[in-house]
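From first to last, the protein sequence lines stand for chains A and B. Using the numbering used here, you'd call the opening residue of the first sequence number 1 and step up by one each time. Using the numbering used here, you'd call the opening residue of the second sequence number 112 and step up by one each time.
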Amino acid sequence: NAGVTQTPKFRILKIGQSMTLQCTQDMNHNYMYWYRQDPGMGLKLIYYSVGAGITDKGEVPNGYNVSRSTTEDFPLRLELAAPSQTSVYFCASSFTPTGQFFGPGTRLTVL
Amino acid sequence: KNEVEQSPQNLTAQEGEFITINCSYSVGISALHWLQQHPGGGIVSLFMLSSGKKKHGRLIATINIQEKHSSLHITASHPRDSAVYICAVFGETSGSRLTFGEGTQLTVNP
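Structure (structure tokens):
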């Protein structure tokens with residue numbers, strides 16, 4: 001099993017550009033999560049999903065969108081990137097809400 | 112006040128020392144996680160516990176539900192233990208969501 005994979009590993013965006021961060025898991029987990037981690041700060045939940053077709057907002061959803069059309073994939077879309085979205089983004093998945101497996105992260109810089 | 116608070120924020124130790132990292136939380140919880148984030152950024156789950164004590168190798172995690180407090184201990188610390196250690200809780204009313212502490216940066220010098 002590859003576990004939780006994220007692409008890309010690094011990305012630099014200009015203000016106003018859009019991009020999609022990809023997250024895929026091959027463990028048949030129902031629950032998937034997107035977090036952001038700002039320097040020196042704890043992880044903050046952006047969006048989460050409890051199964052295909054179901055998504056819900058976390059603590060910091062503004063400026064992001066998600067979809068969950070399959071169990072395996074949970075892409076995070078940034079529209080109109082802003083410098084405040086410079087962060088490291090982690091995707092995680094779990095079979096139940098507890099015991100989350102984390103992906104390796106995507107480091108995003110918005111200039 | 113954060114729902115999950117860790118102490119200390121930074122900790123430097125000499126190889127071989129016994130390490131303790133503390134986590135206090137202010138809500139009722141169903142489970143608590145200890146996570147390790149390596150210098151390269153990867154996050155690994157160390158323990159999930161809802162009562163008592165768990166041990167894995169040189170790592171020990173304890174939780175006191177009544178006092179809303181958990182500790183992570185590292186015995187015979189080693190430079191490879193240098194990482195950020197993160198406490199996270201599942202609140203009883205938070206559904207599927209974890210609330211994270213800000214992490215403790217541990218540096219173990221040879």
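The C-beta atom is built at its ideal place from N, Cα and C for all residues, glycine as well.
Through-space distance from residue j to residue i, alpha-carbon basis
i, j, result
"Gly202 of chain B", "Arg36 of chain A", "20 Å"
"Leu217 of chain B", "Phe211 of chain B", "17 Å"
"Leu76 of chain A", "Glu128 of chain B", "42 Å"
"Asn113 of chain B", "Val138 of chain B", "10 Å"
"Thr86 of chain A", "His29 of chain A", "28 Å"
"Thr109 of chain A", "Pro8 of chain A", "12 Å"
"Leu80 of chain A", "Gln125 of chain B", "47 Å"
"Thr106 of chain A", "Leu183 of chain B", "28 Å"
"Pro61 of chain A", "Arg11 of chain A", "20 Å"
"Ala199 of chain B", "Val115 of chain B", "7 Å"
"Arg208 of chain B", "Ile54 of chain A", "15 Å"
"Thr123 of chain B", "Leu170 of chain B", "17 Å"
Beta-bridge pairing of residue i - partner residues as DSSP gives them
i, result
"Ala142 of chain B", "B:Phe201"
"Phe95 of chain A", "In the DSSP output, where bridge partners are listed per residue, Phe95 of chain A has none listed."
"Ser118 of chain B", "B:Asn133"
"Ser161 of chain B", "Note: Ser161 of chain B sits in no beta bridge, so no partner."
"Thr218 of chain B", "B:Thr123"
"Asn175 of chain B", "B:His180"
"Leu80 of chain A", "The partner list for Leu80 of chain A (beta bridge, DSSP) is empty, contrary to what the question assumes."
Test item: CB-CB of residue i and residue j under 8 Å
i, j, result
"Gln120 of chain B", "Cys134 of chain B", "no"
"Gly63 of chain A", "Ala82 of chain A", "yes"
"Tyr33 of chain A", "Val50 of chain A", "no"
"Met159 of chain B", "Thr98 of chain A", "yes"
"Ala187 of chain B", "Gln147 of chain B", "no"
"Ile154 of chain B", "Tyr196 of chain B", "no"
"Asp56 of chain A", "Tyr47 of chain A", "yes"
"Ile174 of chain B", "Ser156 of chain B", "no"
"Thr24 of chain A", "Glu72 of chain A", "yes"
"Lys44 of chain A", "Leu111 of chain A", "no"
"Glu213 of chain B", "Gly58 of chain A", "no"
"Tyr136 of chain B", "Lys179 of chain B", "yes"
Note down, in chain order, all residues in the stretch 34-45 of chain A with a beta-carbon under 7 Å from any beta-carbon belonging to chain B.
Met41, Gly42, Leu43, Leu45
Check distances from the C-beta atoms of the stretch 147-166 of chain B to those of chain A and list, in chain order, the residues that come in under 7 Å.
Within the stretch 147-166 of chain B, the residues whose Cβ lies closer than 7 Å to some Cβ of chain A are Gly152, Gly153, Ile154, Ser156, Met159, listed in chain order.
If the cut-off is 8 Å on Cβ atoms, which residues from the stretch 200-214 of chain B count as contacting chain A, listed in chain order?
Phe201, Gly206, Ser207, Arg208, Leu209, Phe211, Gly212, Glu213, Gly214
Only counting runs of 3 or more residues, tell me where the beta strand (DSSP E) segments fall wholly within the stretch 1-30 of chain A, in order along the chain.
4-7, 10-13, 19-25
Which runs of the beta strand (DSSP E) spanning at least 3 residues fall entirely within the stretch 27-63 of chain A, listed in chain order?
31-37, 43-51, 54-57
Which residues, in order along the stretch 77-88 of chain A, keep a beta-carbon less than 8 Å from a beta-carbon of chain B?
Per Cβ criterion, the list reads Val88.
Check distances from the C-beta atoms of the stretch 131-145 of chain B to those of chain A and list, in chain order, the residues that come in under 7 Å.
Those would be Ala142, in chain order.
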